[in-house]
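Each residue of the sequence shown is one higher than the one before, counting from 2 in our numbering. What follows is a set of notes on a single structure, which appears directly below.
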Amino acid sequence: MNRFIYSFIIWLSIPFAILKILLKDSHDLSWKVKLKNQLGFIQKKSGRVIWIHSVSVGEFNASKPLVDSLMSLYPNHKIVITTTTMTGSKAVKNHYKGNVNHYFFPFDAGSILESFLGAIKPEICILMETEIWPNLIHLLNKKNIPVALINARLSEKSFNKYQKFFPKLVSESLSKLSIICPQNTYSADRFIKLGAKKEDLLITGSLKFDNNDSIDTDLIKSLTAMVGDKHVAVFASTRDGEEKLIIDSYLKLKERIDSLLVIIPRHPERFEDAVKIAKNSGLKVERRSQIKRCAEDTDILIGDSMGEMMAYYSVSDIAFVGGSLTNNGSQNMLEAASLSKPVIFGPSTYNFEEISKQLLDNDASIQVANADELMQTISELSADKTRSDMLGANARKTFEANQGATNKTLRAIKPYLKA
């Protein structure tokens, strides 16, 4: 596929993308802003701009150490952060208040991008992780605006897809990037095979290791009071299908598991589904938003809240990372690891390929094949505090040993920015 055909497909897809916004996001008061931004309509910014794009909450959280450093090192620049999702937008605004400018990421179409870029006139565009947008990269390159792909990762699954369907398009896009900062050697090798120049790559590690957000102590106290003195197993960022797998397996081993199950769906639109699945099992279910303390016979607490994951991990004894029982590549294991929690994840970890391997190699986590094995492992760890504590301590050591990606990334993009 060449860029002309790609552009034609993008224009054809825009009406469907607009319809999706109307159906999925219209409950949120920001939906009109999202629609305008994605069509290229934003308020013009004066002055010097550093533009950072992170798709959603996970990418934004990873970018925070870098954003903080850029704000400190380049006080004469304005920071523009774009996201694609509503949850990402809320995360940016809640964390930085009015200290950065937030917009929704525009559609990757020529005239829309021209309008967007004309309004912000960035000195550099910094794309997070896997955000390879051919028309944006082409246009920035044409305007001599440097483009950096940082905290970059490319799973084997994505590599095979690009190589099979879009080799020319991806190769041309990668060759126009000013710098690529892969998280690990696996991703670096795949980028090179797809057409990136070896001299344009600098392996920096993962920014996620540098995220050291303070946790709201009042929130932790509130959750601690909610769970009481129960042994707590947190199931974090679960995806569609995982709640049923977890609950069905729990029912098989319920007599051997003396733990409160705290299940936190990845996406807020699935909170209601998770509650229904749990209640249909016949178990005693509570919702975080509706109680102050779990009843003594509560089996499952549904974490129907956003932005509280680190607090959930803080009150946990064991942490399972969702998106890994189903084929979603897992969510971030490092948040639990940073808090010295024993980490468990399922077979699907392609989004965190090297991180999961490091945790396993350092005896800092346990990988399970299915939900039944997950529940068996929780049963064993809850009965063996020494083993549980050892896993948690090793997880923290692994987290600390891998810090430093922010400074490496700053050194990589410094040549493209003037103070």
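We put the beta carbon where it would ideally sit given N, CA and C, even for glycine. Since we're looking at a predicted model, the values are computed, not measured.
Report buried or exposed for W134, applying the criterion of at least 16 other Cβ atoms within 10 angstroms of its Cβ. Locating residue 134 in the sequence shown gives position 133, where the first residue counts as 1. W134 counts as buried, since at least 16 other C-beta atoms from the protein chains shown sit within 10 angstroms of its C-beta.
I'd like the span of the alpha helix (DSSP H) that includes R412, first residue to last. The residue labelled residue 412 in the question sits at position 411 within the sequence shown. It spans 406-414 - the alpha helix (DSSP H) in which R412 sits, taken as one unbroken run.
Suppose you measure from the CA of K222 to the CA of M129; what does that come to, to the nearest Å? The residue you call residue 222 lines up with position 221 of the sequence shown. The residue you call residue 129 lines up with position 128 of the sequence shown. One C-alpha to the other measures close to 34 Å.
Around the Cβ of T205, are there at least 16 other Cβ atoms within 10 angstroms (buried) or fewer (exposed)? As a working note, residue 205 is residue 204 in the sequence shown. T205 should be labelled buried.
Quick one, are the C-beta atoms of F61 and V93 less than 8 Å apart? As a working note, residue 61 is residue 60 in the sequence shown. As a working note, residue 93 is residue 92 in the sequence shown. Yes. Within cutoff.
Determine, using beta carbons only, whether T83 and F106 come nearer to each other than 8 Å. Taking the sequence shown and counting its residues from 1, one reaches residue 83 at position 82. Taking the sequence shown and counting its residues from 1, one reaches residue 106 at position 105. Yes; because the gap between Cβ atoms is below 8 Å, this pair is in contact.
V233 - DSSP class collapsed to helix/strand/coil: By one-based count along the sequence shown, residue 233 stands at place 232. In the structure shown, V233 adopts extended strand secondary structure according to DSSP, grouped into three states.
In the DSSP assignment, the beta strand (DSSP E) including P266 goes from what residue to what residue? What you label residue 266 is simply residue 265 of the sequence shown in a count that begins at 1. Looking at the DSSP string, the run of the beta strand (DSSP E) that includes P266 is 261-266.
I need the boundaries of the beta strand (DSSP E) containing M129, first residue and last residue. Here residue 129 is taken as the residue at index 128 of the sequence shown, counted from 1. Here the beta strand (DSSP E) through M129 covers 123-129.
From F321 to L36, what does the alpha carbon distance come to, in whole angstroms? Within the sequence shown, residue 321 is the residue found at index 320, counting from 1. Within the sequence shown, residue 36 is the residue found at index 35, counting from 1. Between F321 and L36, the C-alpha separation is close to 36 Å.
Are L335 and I356 closer than 8 Å when you measure CB to CB? Locating residue 335 in the sequence shown gives position 334, where the first residue counts as 1. Locating residue 356 in the sequence shown gives position 355, where the first residue counts as 1. Yes, the Cβ-Cβ distance between L335 and I356 is below 8 Å.
Residue closest to K409, alpha-carbon to alpha-carbon, out of S70, W52, S188: Position 408 of the sequence shown, counted from the first residue, corresponds to residue 409. Closest by alpha carbon: S70.
Quick check: the Cα distance between R49 and L30, rounded to an integer number of angstroms? On the sequence shown, residue 49 is found 48 positions in, with the first residue counted as 1. On the sequence shown, residue 30 is found 29 positions in, with the first residue counted as 1. Annotation: R49 to L30 spans about 30 Å, alpha carbon to alpha carbon.
Considering only their Cβ atoms, is the gap separating Q332 from R267 smaller than 8 Å? For the purposes of this step, residue 267 is taken as the residue at position 266 of the sequence shown. For the purposes of this step, residue 332 is taken as the residue at position 331 of the sequence shown. For R267 and Q332, yes; Cβs fall inside 8 Å.
What residue range is occupied by the uninterrupted alpha helix (DSSP H) comprising F167? For this step, residue 167 is matched to residue 166 along the sequence shown. F167 -> no alpha helix (DSSP H), and no H or E assigned at all.
Taking the beta carbon of H139 as the centre, do at least 16 other beta carbons fall within 10 Å, making it buried, or is it exposed? Walking along the sequence shown from the start, residue 139 turns up at place 138. By the neighbour-count rule (16 or more Cβ atoms within 10 Å), H139 is buried.
Which residues DSSP lists as bridging W52, in chain order: Your numbering for residue 52 matches position 51 in the sequence shown. Bridge partners of W52: V81, C126.
Measure the CB-CB distance between Y314 and K342 and report whether it falls below 8 Å. The residue given as residue 314 occupies position 313 in the sequence shown. The residue given as residue 342 occupies position 341 in the sequence shown. Result yes, Cβ atoms of Y314 and K342 sit closer than 8 Å.
Could you tell me whether the segment 194-203 touches the segment 280-298, where touching means 3 or more Cβ pairs closer than 8 Å? No: fewer than three Cβ pairs fall under 8 Å.
Should L74 be labelled buried (16 or more other beta-carbon atoms within 10 Å of its own) or exposed? Taking the sequence shown and counting its residues from 1, the one referred to as residue 74 is at position 73. Answer is exposed; the Cβ neighbour count stays below 16.
Option nearest S215 by Cα separation, candidates I319, S339, D259: The residue labelled residue 215 in the question sits at position 214 within the sequence shown. Here the closest residue by C-alpha is S339.
Rounded straight-line distance, which links the Cα of K165 to that of D249: As a first step, residue 249 must be located in the sequence shown, where it is residue number 248. As a first step, residue 165 must be located in the sequence shown, where it is residue number 164. In a straight line, the C-alpha of D249 is about 38 Å away from that of K165.
Could you have a look at S215 and say whether DSSP puts it in helix, strand or coil? Position 214 of the sequence shown, counted from the first residue, corresponds to residue 215. The answer is coil: DSSP assigns S215 none of H, G, I, E or B.
Strand pairing of F105, partner residues [DSSP]: Taking the sequence shown and counting its residues from 1, the one referred to as residue 105 is at position 104. T84.
Run the CB neighbour count on E244, radius 10 Å, all protein chains shown included, and call it buried at 16 or more, exposed below. As a position in the sequence shown, residue 244 is number 243, starting the count at 1. Per the 10 Å Cβ criterion, buried.
Extent of the continuous beta strand (DSSP E) run through P269: As a working note, residue 269 is residue 268 in the sequence shown. First-last for P269: undefined, no H or E at that position.
Where Y351 and G323 are concerned, what is the direct C-alpha to C-alpha distance, given to the nearest angstrom? To locate residue 351, count along the sequence shown from 1; it is residue 350. To locate residue 323, count along the sequence shown from 1; it is residue 322. Using only the alpha carbons, I get a separation of about 13 Å.
DSSP three-state label for I278, please. Taking the sequence shown and counting its residues from 1, one reaches residue 278 at position 277. If DSSP states are grouped into helix, strand and coil, I278 belongs with the helices.
Considering only the beta carbon of each residue, do T327 and G242 sit closer than 8 Å? As a first step, residue 327 is located in the sequence shown; it is residue number 326 there, counting from the start. As a first step, residue 242 is located in the sequence shown; it is residue number 241 there, counting from the start. Yes; because the gap between Cβ atoms is below 8 Å, this pair is in contact.
Output yes or no for whether 8 Å exceeds the beta carbon distance between N136 and L114. Translated into the one-based positions of the sequence shown, residue 136 becomes position 135. Translated into the one-based positions of the sequence shown, residue 114 becomes position 113. A contact, by the Cβ cut-off of 8 Å.
Among T131, S176, S156, the one whose alpha carbon lies nearest that of K1: The requested residue 1 does not occur in the structure, where the chain is confined to residues 2 to 420.
Can you pull the DSSP bridge partners for Q368? Counted from its first residue, the sequence shown places residue 368 at position 367. For Q368, which the question treats as bridged, DSSP gives the partners F346.
Using the rule of at least 16 other Cβ atoms within 10 Å of the residue's Cβ for burial, across every protein chain shown, is P66 buried or exposed? Residue mapping note: residue 66 aligns to position 65 of the sequence shown, counting from 1. Label assigned to P66: buried.
Check L392 in the structure and name its three-state DSSP category. Counting from 1 along the sequence shown, the entry for residue 392 is found at position 391. Reduced to three states, the DSSP call for L392 is helix.
Closest to S317 by CA distance: which of R4, D230, R154 is it? In the sequence shown, residue 317 corresponds to position 316, counting from 1. Nearest C-alpha to S317: D230.
Label L13 either buried or exposed according to how many other C-beta atoms from any shown protein chain fall within 10 Å of its C-beta, with 16 as the threshold for buried. Residue numbering aside, residue 13 sits at position 12 when the sequence shown is read from its first letter. By the 10 Å Cβ count, L13 comes out exposed.
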